[in-house]
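Chains V and F supply the protein sequences, listed in that same order.
Read in this note's numbering, the first sequence has 40 at position 57, and its numbers run on one by one without any break.
Read in this note's numbering, the second sequence has 26 at position 43, and its numbers run on one by one without any break.
Here is the structure we will look at.
Number of protein chains: 2
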Amino acid sequence: MATAAGVRPRGAGRAQLHEVALRLFARDGVEGTSLQDIADDMGVSKAAIYYHYKTKDELVLGVIAPLVDQLCEIVRDARQYRGRQARVEAVINGMVRLALDSHSWFTVVLVDPYVVRLLPELPGLRQAWDQLGEQVIGPDGDNLMAVALLVFVTGLAGSISKPPLDALDNAQLRGYLTECGRRLLKVRRRSAPHAG
Amino acid sequence: MATAAGVRPRGAGRAQLHEVALRLFARDGVEGTSLQDIADDMGVSKAAIYYHYKTKDELVLGVIAPLVDQLCEIVRDARQYRGRQARVEAVINGMVRLALDSHSWFTVVLVDPYVVRLLPELPGLRQAWDQLGEQVIGPDGDNLMAVALLVFVTGLAGSISKPPLDALDNAQLRGYLTECGRRLLKVRRRSAPHAG
DNA sequence: GTCTATAGAAGGATAGAC
DNA sequence: GTCTATCCTTCTATAGAC
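Rendered as structure tokens:
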């Protein structure tokens, strides 16, 4: 009735399902979240979920799929700039914003082993990630930059969900995380790291 | 018979159990690893595991407990140096070595939601972590350093387990990860991050 | 789009033999 | 220290009513 009368927007049920599932996946892990947990949180029955998705795997994929668009937008934005340093800066800003706005996506995709196993079924995500890597690493395939990028994004995912950072307000945290990105991804003139 | 004759060292069964469990926990997550999975990998029955630990939770705690000693040793080592920069350097080297030598521990403890929920039952780990933080962050409680440390260690945990880094040999990877630590945890003279 | 009821598999845990 | 057999719970998934 709600859908027919238009009281709820079309697909509100699915949107709420996505929201709840993502939140619980990020908190307890995908394997640690049963469909019963999700149904309880939504206040519906388990079977209601199966109306939207035939299997749990498809639910997981449906939940994380929107992340691809977010990554593509960061890549599009970065490409508007000329020069590696400017593009790197754009990637840093985009990733920090994404991590703060959608930290659940971040955590689930980068951290959850269940999701990692499913990733081959989302080739768009892999592709978006590769394009993002190109902006930072450059065409010469700088290994240090590749490592630093990985440390940065997984560090973002891991750190934002940890308690000691809850005390900081969002603006402060954004500043600190951005500074971390700048330090890690500073473009070098020559290929030797200044060995200590 | 093996134990009585001394063919196998004492506690070899338990040591193998730890090794197998940790490896599977790191690969599939704790919730994604059943006692059956562990038993199959060891070539024994599920019930054999219950001889060593009464519950799965105790198994998990038993597996990650040795990490506490590793962290304490890093703290002890760092304290031998005078001056923050030298101590920070010692922490970086210790954490990189630990991440490379025992990346499974790292991944499981920093990444797995099931383990995070159990951590309050390992107060020694929390204590060791706090002491390690003191070496890096300093007595003034520098927020940027606190964030950078968290990004660094979770970045270590997240990056070493990802495929693109498998191509690098260990010495190279160690150099890159150490450089990441130096960049992130460079001690500042004054308290303002050089805002861009 | 949501429900109840249930099938079928897998998980944690225990008992008791060897 | 390991085994087989078993118990109970929870999980994914399906069938069919409303």
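Cβ coordinates follow ideal geometry from the N, Cα and C atoms, glycine included.
| Query | Result |
| --- | --- |
| What are the boundary residues of the alpha helix (DSSP H) that includes Pro96(V)? | Pro96 to Leu101 |
| Once the 5 residues before and after Thr161(V) are set aside, which same chain residues still bring their CB inside 7 Å of it? | Ile75, Asn76 and Val79 |
| Is the number of C-beta pairs between the segment 80 to 89 of chain F and the segment -5 to 8 of chain V that are closer than 8 Å three or more? | no |
| Distance check for Asp20(V) and Val136(F), CA to CA, integer angstroms please. | 31 Å |
| Taking its Cβ as the centre, do 16 or more other Cβ atoms sit within 10 Å of Pro96(V), making it buried, or is it exposed? | buried |
| Count the other CB atoms within 10 Å of the CB of Gln63(F); is the residue buried (16 or more) or exposed (fewer)? | exposed |
| Closer than 6 Å by C-beta to Gln118(F): which residues in its own chain qualify, once you throw out the five before and the five after it? Chain order, please. | Ala61, Arg70 and Val74 |
| Is there a C-beta anywhere in chain F that falls below 8 Å from the one on Pro49(V)? | no |
| For Asp20(F), which three-state DSSP category applies? | helix |
| Counting beta carbon pairs with one atom in the segment 52 to 61 of chain V and one in the segment 110 to 124 of chain V, are three or more of them shorter than 8 Å? | yes |
| Can Leu168(V) and Leu132(V) be called in contact, C-beta distance under 8 Å? | yes |
| I'd like the list of long-range same chain contacts for Leu156(F), defined as Cβ closer than 8 Å, with 5 residues on each side in sequence excluded. | Leu83, Ile143 and Leu148 |
| Chain V partners of Tyr97(F), CB-CB under 7 Å? | Gly12 and Gly15 |
| Pairing CB atoms from the segment 25 to 38 of chain V with CB atoms from the segment 47 to 56 of chain V, are three or more of them under 8 Å? | no |
| Just to confirm my understanding: we take Arg166(F), look at its own chain, exclude 5 residues before and 5 after, and list those with CB closer than 8 Å. What are they? | none |
| So, are the CB atoms of Ala31(V) and Ala22(V) less than 8 Å apart? | yes |
| Using a cut-off of 7 Å between C-beta atoms, extract the partners of Lys145(F) located in chain V. | Leu133 |
| Excluding the five sequence neighbours on either side, which residues of its own chain have a C-beta within less than 6 Å of the C-beta of Val94(V), listed in chain order? | Ala140 |
| Do Val170(F) and Gly107(F) come within 8 Å of each other at the CB atom, strictly closer than that value? | no |
| In terms of alpha-carbon separation, which member of Cys163(F), Arg109(F), Glu104(F) and Asp125(F) lies closest to Val134(F)? | Cys163(F) |
| Suppose you measure from the CA of Arg100(F) to the CA of Leu7(V); what does that come to, to the nearest Å? | 14 Å |
| Cutting at 7 Å between CB atoms, please list the residues of its own chain near Ala(-12)(V), excluding the five before and the five after it. | Per-residue confidence for Ala(-12)(V) stands at a pLDDT of 41, beneath the threshold of 50, marking its modelled position as unreliable; the derived number appears in the next sentence. None. |
| In terms of residue numbering, what span does the alpha helix (DSSP H) encompassing Gln118(V) cover? | Pro106 to Ile120 |
| Distance, Cα to Cα, Ala(-5)(F) vs Leu42(F)? | 15 Å |
| Return the CA-CA distance between Leu105(V) and Trp88(F), expressed in angstroms with no decimal places. | 29 Å |
| Going along chain V in order, which residues have a C-beta closer than 8 Å to the C-beta of Gln155(F)? | Asn126 |
| With a threshold of 7 Å, establish whether the CB of Thr137(F) neighbours any heavy atom of the ligand PLP. | This structure does not include the ligand PLP; it has no bound ligands of any sort. |
| Would you kindly work out how many angstroms separate the C-alpha atoms of Gln68(V) and Arg172(V), rounded to a whole number? | 11 Å |
| So is Ala129(F) in contact with chain V if we call contact Cβ pairs under 8 Å? | yes |
| Helix, strand or coil: how does DSSP classify Gly255(F) here? | Outside the modelled stretch of chain F, which goes from -16 to 179, sits residue 255(F), for which no answer is possible. |
| Given that Lys169(V) touches chain F, what residues does it touch there, using C-beta distances under 9 Å? | Arg166 |
| For chain V, is any of its Cβ atoms less than 8 Å away from the one on Leu83(F)? | no |
| So which residues of chain V does Thr137(F) contact, with C-beta pairs closer than 8 Å? | Thr137, Gly138, Ala140, Gly141, Ser142 and Lys145 |
| Along the segment 64 to 78 of chain F, where does the CB come closer than 9 Å to a CB of chain V? Name the residues. | Glu72 |
| In chain order, what residues of the same chain have a beta carbon less than 7 Å from the beta carbon of Leu18(F), not counting five sequence neighbours either side? | Lys29, Ile32 and Lys39 |
| Can you list, in chain order, the residues of the segment 36 to 48 of chain V whose Cβ is nearer than 7 Å to any Cβ on chain F? | none |
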